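Undergrad: In short: position in the sequence shown from 1, add 5, done, that's the working numbering.
C-beta: ideal position from N, C-alpha, C; glycine also.
Predicted, not measured: the structure shown is a model, and the values here were computed from it.
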Amino acid sequence: MISVQKLEKRYEAVHAVKGVSFDVARGDIVGLLGQNGAGKTTVMKVLTGYLEPTAGTITVGGVDVLQDRIGVQRQIGYLPENAPLYPEMLVQEYLLMMCELRSLPADKHLAAVSDAVRATGLTQFLTRPIATLSKGYRQRVGLAQAILHKPEVLVLDEPTNGLDPVQIQEIRGLIRRLAQHSTIILSTHILQEVEAVCNRVVILINGELAADSALTDLLKSKRVRVSVKSGTDGVAVALGKVAGVSKVARRGADPDAPGHDLWICDYTGEHAPVPAVIEAAVAQKWTLGGVAPEVSNLETVFRTLMSEKAVATQEKAA
Ligand code: ATP
6 MISVQKLEKR YEAVHAVKGV SFDVARGDIV GLLGQNGAGK TTVMKVLTGY
56 LEPTAGTITV GGVDVLQDRI GVQRQIGYLP ENAPLYPEML VQEYLLMMCE
106 LRSLPADKHL AAVSDAVRAT GLTQFLTRPI ATLSKGYRQR VGLAQAILHK
156 PEVLVLDEPT NGLDPVQIQE IRGLIRRLAQ HSTIILSTHI LQEVEAVCNR
206 VVILINGELA ADSALTDLLK SKRVRVSVKS GTDGVAVALG KVAGVSKVAR
256 RGADPDAPGH DLWICDYTGE HAPVPAVIEA AVAQKWTLGG VAPEVSNLET
306 VFRTLMSEKA VATQEKAA
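1. Ignoring anything shorter than 4 residues or poking outside the region 262-310, list the alpha helix (DSSP H) runs there in chain order.
2. Please return the same chain residues whose Cβ sits closer than 8 Å to the Cβ of LEU95, not counting the five positions on each side in sequence.
3. Quick check on DSSP: helix, strand or coil for ARG31?
4. On the three-state DSSP scale, how would you describe GLY76?
5. If you draw a straight line from the C-alpha of LEU267 to the C-alpha of GLY178, how long is it?
6. How about PHE307 and LEU209: do their beta carbons lie closer than 8 Å?
7. Compare the beta carbon distance of CYS203 and LEU214 with 8 Å and say whether it is the shorter of the two.
8. Given THR113, which residues of its chain have a CB within under 8 Å of its CB, disregarding the five upstream and five downstream residues?
9. Name the one or two DSSP bridge partners that PRO134 has.
10. Consult DSSP for ASP169 and reduce its assignment to one of helix, strand or coil.
11. Would you say THR221 touches the ligand ATP, meaning its beta carbon is less than 7 Å from a heavy atom?
12. Would a C-beta distance cut-off of 8 Å place LYS227 and ASP271 closer than the cut-off?
13. Of the residues ALA248, ASP217, GLY239 and PRO110, which one's Cα is nearest the Cα of GLY36?
14. Where DSSP assigns a beta bridge to GLU13, which residues make up the other side?
15. Provide the residue(s) that pair with SER232 in DSSP beta bridges, ordered along the chain.
16. How many Å lie between GLY212 and GLU98 at the Cα?
17. Quick one: Cα of LEU106 to Cα of ALA121, how far?
18. Please say whether ARG230 and ALA297 have beta carbons closer to each other than 8 Å?
19. May I ask whether a heavy atom of the ligand ATP can be found less than 7 Å away from the beta carbon of HIS194?
20. Within the same chain, show all residues whose beta-carbon is closer than 7 Å to that of VAL29, passing over the 5 residues directly before and after it, in chain order.
21. Within 10 Å of its beta-carbon, does ASP169 have 16 or more other beta-carbons around it, so buried, or fewer, so exposed?
22. So if DSSP puts VAL158 in a beta bridge, which residue, or which two residues, is it bridged to?
23. Mind checking LEU115: buried by the 16 CB within 10 Å criterion, or exposed?
24. Within the continuous alpha helix (DSSP H) that includes LYS140, where are the two ends?
25. When the distance is taken between beta carbons, is ILE63 closer than 8 Å to LEU100?
26. Which parts of the region 202-260 are runs of the beta strand (DSSP E), unbroken and 3 residues or longer, counting only runs that do not cross its ends?
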């Protein structure tokens, strides 16, 4: 559905996006994740045709944004960060104006507004001045304007930024509902947001692509936790001999099994070598507290990527 290839963007001295490539399939909800200044907004502005890339190609539904910007924008609904709304306008006035700016045929305006407010839960608020709405409801108005032309793709720049926890839950629910009919790319620096809504994640660090993966794959840590009675001899050596285990480290006392130490085995194959580890433990007559693949979360993955990036940068500079 969307293909971003070797995207570069420079703002004079600032090299904001450095050779970023990723693809988005129809129906995906992609979280574009990165710290402040990582390049998320820049990627979104280029993707939506509001900014020219320095180099690289972007296609949406097979249409090249550089060759046919309008053709791409027809397929995309864009909610910019701090979407410009007109506070003095009524919700319906604003949405009708946006229909006109989008060049929707005049006889389709009422149906477009009606569908958009129904999808975003704004039906009761049509005649309210935007200024009198809460931040969460103003964000719904921003989402409503983004879907007026029934785009296949929604690009949402930090859609829950500045909202309170209840509003955040509401907007996330709304995004999940919209995702039933659209492909969505949303940017955020909130890791839980990605875990709560997305099925894919693209991570940018200092303008470079650091990860592009299905969320479930990214969270597979390729480590097995082995809990062995404290004081057992020869654990590192025996675990190191298990087929597929590439590295063994002791992490200290196992918080879930008093009197046991936690050993971490990195593995290289596709499947966690849990049966082989248990076999080794039985052969060695160890008292086990448990053997299980390690479940990581996005925060640990993100921290690991950041530190790997820092090491790579240091090595480059040396
Ligand atoms: P945030 O989470 O803070 O919104 P971001 O990941 O969206 O950050 P961008 O806004 O894309 O990051 O910015 C990437 C880099 O490009 C930053 O260093 C930023 O200062 C710089 N930048 C963005 N817009 C401009 C501009 N118009 N002129 C010069 N530099 C810019």
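TA: Quick answer:
1. 279-289
2. LEU131, THR132, ARG133, PRO134 and ILE135
3. coil
4. helix
5. 39 Å
6. no
7. no
8. The sequence as given places Lys at residue 113; Thr does not occur at that position. Hits under 8 Å: CYS104.
9. LEU95
10. coil
11. no
12. yes
13. ASP217
14. ALA60
15. LEU267 and GLY295
16. 39 Å
17. 16 Å
18. yes
19. yes
20. MET6, ILE7, VAL35, THR188 and ILE190
21. exposed
22. ILE81 and THR188
23. exposed
24. 140-152
25. no
26. 205-210, 213-219, 225-234 and 250-258
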